[in-house]
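Protein chains in written order, with my numbering: chain A, 56 to 271; chain B, 68 to 140. No residue lacks a Cβ here, since even glycine has one placed at the ideal position from N, Cα and C. Notes follow the structure.
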Amino acid sequence: MEEIKQQVISLPRLGEPAPPFEAVTTHGILKLEDFKGSWLILFSHPADFTPVCTTEFIGFAEIYTELQKRGVDLLALSVDSVSSHIAWVRNIEEKTGVKIPFPIIADLSKEVSFDYGMIHPEQSKTETVRCVFIIDPNQIIRTILYYPLTTGRNMQEILRIVDALQTTDENRVATPANWQPGDMVVVPPPNTQEMAEERLKQGYECVDWYLCKKKL
Amino acid sequence: MACISPDGKPTESGAKMLRALKSGLGSAEEIAGEAALPLFRVRSGLRELTQAGLAGQKNDKYEITEKGKELAK
């Protein structure tokens, strides 16, 4: 009986270093380390010249300036060739007037796709699903989003996550559900009874000792 | 190649980086500021210019070579 071997590839996890890569892109050969010191959003799309991906590329181009203001670089990926990527971004510009300012990895070997767990065989054996990896300036994975082939991503949510992560890093706080910049933030829960009692005297807006919010 | 065309001449971004190197700037950060290019592009481009013999690296600083000066004109 023929033995079928299945390679099990561990997916990257939050808090782990992002898997290093050296990849051919529309902006030349880029390594992960080239982005060190900046935030990086690495995202995959299933294929060039497809409708949902085209709307997403336009969406990413539209938030590009906002991302730049936040010190975030964008890097796209699919398993298409550089020639295909170049033809597609030129077509997007020609048909919609939107210039795609960020590089796109041509992952023909699927090396980067496998390292980042971007291929989900039950969705497609040959294409990457819609992944988003938000990587911090120390090249640690801080957020992972996976969307199916049929669902385009929400750019405002991606911006919101970047704002939340940067707010957390700068202020040592957490952000509550549906938080938007300017809203109150959550004060980390106390670790001791003494800290819990002190918490209630500090002028925070508290539901109880474990849920306190403050203005920044 | 992002900085050097198939005909061996620097691209627009390659030429900007060579001019910045020729002016004495040596770090990727300085060159990115002078050339108005993203830092990741400059880091990648400096690797390419070094491999092509147009720039050299000493510690963390880059400098232009004679061959690079010829192309920066």
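Rounded separation between residue i and residue j - CA only
| i | j | result |
| --- | --- | --- |
| Glu148 of chain A | Arg114 of chain B | 30 Å |
| Lys86 of chain A | Ala78 of chain A | 6 Å |
| Pro72 of chain A | Ile196 of chain A | 6 Å |
| Thr109 of chain A | Glu225 of chain A | 35 Å |
| Arg68 of chain A | Ile189 of chain A | 11 Å |
| Trp143 of chain A | Arg110 of chain B | 26 Å |
| Ala232 of chain A | Val240 of chain A | 10 Å |
| Lys150 of chain A | Thr117 of chain B | 38 Å |
| Pro101 of chain A | Val134 of chain A | 8 Å |
| Leu66 of chain A | Asn126 of chain B | 36 Å |
| Ile59 of chain A | Ile174 of chain A | Reliability of the predicted coordinates at Ile59 of chain A is poor, the pLDDT of 42 falling under 50, and the value obtained from them is presented with this limitation in mind. Approximately 20 Å, taken between the alpha carbons. |
| Glu101 of chain B | Gly75 of chain B | 23 Å |
| Asp128 of chain A | Tyr259 of chain A | 36 Å |
| Ile113 of chain A | Pro245 of chain A | 44 Å |
| Ala99 of chain B | Pro105 of chain B | 6 Å |
| Lys269 of chain A | Glu166 of chain A | 45 Å |
| Ser90 of chain B | Gly123 of chain B | 15 Å |
| Leu214 of chain A | Trp264 of chain A | 31 Å |
| His126 of chain A | Val187 of chain A | Looking at the sequence shown, residue 126 of chain A is not His but Gly. So the two alpha carbons sit approximately 17 Å from each other. |
| Gln178 of chain A | Pro203 of chain A | 7 Å |
| Asp238 of chain A | Glu111 of chain A | 28 Å |
| Leu132 of chain A | Ala229 of chain A | 31 Å |
| Gln78 of chain B | Ser72 of chain B | In the sequence as displayed, the identity of residue 78 of chain B is Thr instead of Gln. Going by the C-alpha atoms only, they are around 6 Å apart. |
| Ser93 of chain A | Phe76 of chain A | 16 Å |
| Ile223 of chain A | Thr198 of chain A | Looking at the sequence provided, one finds Thr at residue 223 of chain A rather than Ile. About 13 Å. |
| Glu212 of chain A | Asp218 of chain A | 10 Å |
| Gln61 of chain A | Lys154 of chain A | Note on Gln61 of chain A: pLDDT 47, under 50, position unreliable in the model; the coordinate value appears next. So the two alpha carbons sit approximately 41 Å from each other. |
Contact list for residue i against chain A, beta-carbon separation under 8 Å
| i | result |
| --- | --- |
| Ser111 of chain B | His82, Gly83, Ile84, Leu85, Lys86 and Asp89 |
| Glu115 of chain B | Gly83 and Ile84 |
| Ala69 of chain B | His82, Gly83 and Ile84 |
Residues that DSSP places opposite residue i in a beta bridge
| i | result |
| --- | --- |
| Lys41 of chain A | Chain A is shown only over 56 to 271; residue 41 of chain A falls outside these bounds and no answer can be derived. |
| Glu77 of chain A | A:Lys86 |
| Phe188 of chain A | A:Leu97 and A:Ile199 |
| Pro77 of chain B | B:Ile71 |
Contacts of residue i in chain B (Cβ-Cβ under 8 Å)
| i | result |
| --- | --- |
| Asp128 of chain A | Pro105 and Phe107 |
Proximal residues of chain B, C-beta to C-beta of residue i below 9 Å
| i | result |
| --- | --- |
| Ser93 of chain A | Pro105, Leu106 and Phe107 |
Assumed close pair residue i, residue j - CB separation to whole angstroms, cut-off 8 Å
| i | j | result |
| --- | --- | --- |
| Glu69 of chain B | His82 of chain A | The displayed chain sequence assigns Ala, not Glu, to residue 69 of chain B. Yes, Ala69 of chain B and His82 of chain A are in contact; Cβ-Cβ is about 6 Å, under 8 Å. |
| Leu121 of chain B | Leu92 of chain B | Rounded, the Cβ-Cβ distance is 15 Å, inconsistent with contact. |
| Ser136 of chain A | Leu95 of chain A | Incorrect: roughly 23 Å between the Cβ atoms, too far for contact. |
| His140 of chain A | Ile159 of chain A | 4 Å |
| Ala103 of chain B | Ala139 of chain B | Actually they do not touch by this definition, with Cβ atoms about 17 Å apart. |
| Pro74 of chain A | Tyr171 of chain A | 6 Å |
| Arg227 of chain A | Pro243 of chain A | 7 Å |
Original post:
Whole alpha helix (DSSP H) runs in the stretch 106–155 of chain A with 4 or more residues, listed along the chain?
Top reply: Annotation note: the stretch 106–155 of chain A contains the following uninterrupted alpha helix (DSSP H) runs of length 4 or greater, listed N- to C-terminal: 106–124 and 137–151.
Subject >> Length at least 4, wholly inside the stretch 102–140 of chain B: the alpha helix (DSSP H) runs in chain order >> reply: As far as the stretch 102–140 of chain B is concerned, its whole alpha helix (DSSP H) runs of at least 4 residues are 106–118 and 133–139.
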